[in-house]
Amino acid sequence: MAQTPPMPNPIGPRTVTAPGATTPAAPPRTLDVGSITRDELARLKQSSPALARTIEQAKTTYADFLSRTPAARITVTTPAGNGGAPVLTLVPPGFDPSKPATVQTHFHGDHTSVAAPNGSHTGNLKEQLTKDPQRVWVLPEAQGNVGAAGTNWNNVKDQSGTVRDALAGAGVSAASGTKHVVSAHSAGGRALAAAMTSGTLKADQLVLLDCLYEREAGPGANTAILTAVKNGALAQVKDVVVVATGSYPADRNDKLIAAGGGKVRMETLVPRQGLSNHEASARNHLVPKQSW
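Using my numbering, read the sequence shown as starting at 39 and increasing by one per residue.
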């Protein structure tokens with residue numbers, strides 16, 4: 039007798055309560071982009087459209103990497119640290135778990151998504167998946183206005199916890215010597231600011247890609263990041279790279295450099311034909327030209 043295909047894994051952590059006691063939330067379950075079936079995806083669209091959209095986009099955007107031998111492992115989790123919003127994890131073809139790796143978290147900007155086929159970060163990600171099989175990418179999604187202006191990053195609660203859960207879901211255990219990088223482009227600076235302010239930042243290196251903006255109505259990512267740096271957010275960070283395009287006042291870079299205690303440096307923008315300098319900052323500088 040044929041069995042009914044199982045439903046996709048439940049979304050988000052679950053807490054079971056008993057009289058007078060609460061058990062810790064269970065680890066978020068994982069959906070494998072490469073193996074999820076059409077029927078599972080169709081049902082997921084009914085229960086969680088945002089999660090289904092992320093998986094569907096990833097299937098298309100990274101189809102070439104999923105069909106390789108060995109194939110990339112691409113998963114989606116919904117960690118509590120990211121407010122239950124999807125997190126896409128890309129493990130390159132040829133990744134060797136016995137060797138040290140670099141785990142890079144990237145927060146995208148407006149008018150794109152973690153798996154957008156034409157995202158300003160996507161082209162660079164594809165290049166890096168081929169170029170560096172030991173660099174694993176953790177791509178948290180925003181909770182609102184994804185693909186539009188005013189990306190809502192209020193869901194970022196625990197960056198290090200998000201990375202932990204994403205790696206566990208992808209079956210990756212960080213070997214000794216693994217480095218952690220966190221990058222942010224444009225509106226993704228608000229997500230980085232939230233991680234730094236919450237005290238949950240786990241990074242050896244930060245990469246700030248034209249993201250030191252303020253809100254029209256008041257302080258924004260720039261103020262929050264600068265305040266967090268002054269309050270010691272860079273204690274465990276070894277290197278901070280800033281790429282700016284002149285789209286915001288240069289004194290914001292100067293103030294960050296002054297507060298960074300010698301850890302903050304500027305990297306000169308490399309333009310790219312057909313892209314604005316703002317887009318080129320993500321397309322060309324996700325991985326800094328000079329390592330620390």
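C-beta atoms are modelled at their ideal positions from N, C-alpha and C, and glycine is treated no differently.
Start and end of the beta strand (DSSP E) containing residue i?
| i | result |
| --- | --- |
| A154 | Counting along the chain, A154 falls outside any beta strand (DSSP E), and DSSP gives it neither H nor E. |
| D277 | 277-281 |
| K217 | 217-223 |
| L294 | Premise fails: L294 lies in the alpha helix (DSSP H), 289-297, not in any beta strand (DSSP E). |
| K248 | Contrary to the premise, residue 248 reads as Asp rather than Lys in this sequence. No beta strand (DSSP E) holds D248; DSSP gives it neither H nor E. |
| R173 | 173-178 |
| L324 | L324 -> no beta strand (DSSP E), and no H or E assigned at all. |
| L69 | 68-70 |
| R303 | 302-304 |
With distances taken between CB atoms, is the gap from residue i to residue j smaller than 8 Å?
| i | j | result |
| --- | --- | --- |
| V176 | V129 | no |
| S224 | G284 | no |
| L294 | L264 | yes |
| P66 | D196 | no |
| A259 | L250 | yes |
| D242 | V275 | yes |
| A153 | T99 | yes |
| G132 | P87 | no |
| L272 | K301 | yes |
| P138 | T216 | yes |
| A229 | F145 | yes |
| V194 | T143 | no |
If we count the other Cβ atoms within 10 Å of its Cβ and call it buried at 16 or more, is residue i buried or exposed?
| i | result |
| --- | --- |
| N156 | exposed |
| P48 | Low confidence applies to P48: its pLDDT is 40, below 50, so where it sits in the model is not reliable enough to give any reading. |
| S319 | buried |
| T61 | Unreliable positioning characterises T61 in this predicted model, as indicated by a pLDDT of 42, which lies under 50. The coordinate reading is nonetheless provided below. Looking at its Cβ environment, which holds fewer than 16 other Cβ atoms inside 10 Å, T61 is exposed. |
| Q95 | buried |
| S214 | exposed |
| K327 | exposed |
| R111 | buried |
Between which two residues does the alpha helix (DSSP H) carrying residue i extend?
| i | result |
| --- | --- |
| T200 | 197-207 |
| L264 | 259-268 |
| P82 | Note that residue 82 is Leu in the sequence shown here, rather than Pro. Counting along the chain, the alpha helix (DSSP H) containing L82 begins and ends at 76-85. |
| R228 | 227-236 |
For residue i and residue j, which I take to be in contact (beta-carbon distance under 8 Å), what is that distance rounded to the nearest angstrom?
| i | j | result |
| --- | --- | --- |
| P135 | S211 | 6 Å |
| N322 | M304 | Actually they are not in contact, since the Cβ atoms of N322 and M304 sit about 15 Å apart, beyond 8 Å. |
| V71 | T113 | 6 Å |
| A262 | A222 | That pair is no contact at about 12 Å. |
| T75 | E179 | The pair is not a contact, with the Cβ atoms about 22 Å apart (cut-off 8 Å). |
| Q181 | G121 | 6 Å |
| S151 | G185 | 5 Å |
Compute every distance between the C-beta of residue i and the non-hydrogen atoms of the ligand PLP, then say whether any falls below 7 Å.
| i | result |
| --- | --- |
| V114 | Looking at this structure, you won't find the ligand PLP or any other ligand, since it has none at all. |
Please go through the segment 95-161 and give each complete beta strand (DSSP E) segment of 3 or more residues, from N-terminal end onward. 111-115, 125-129, 140-145
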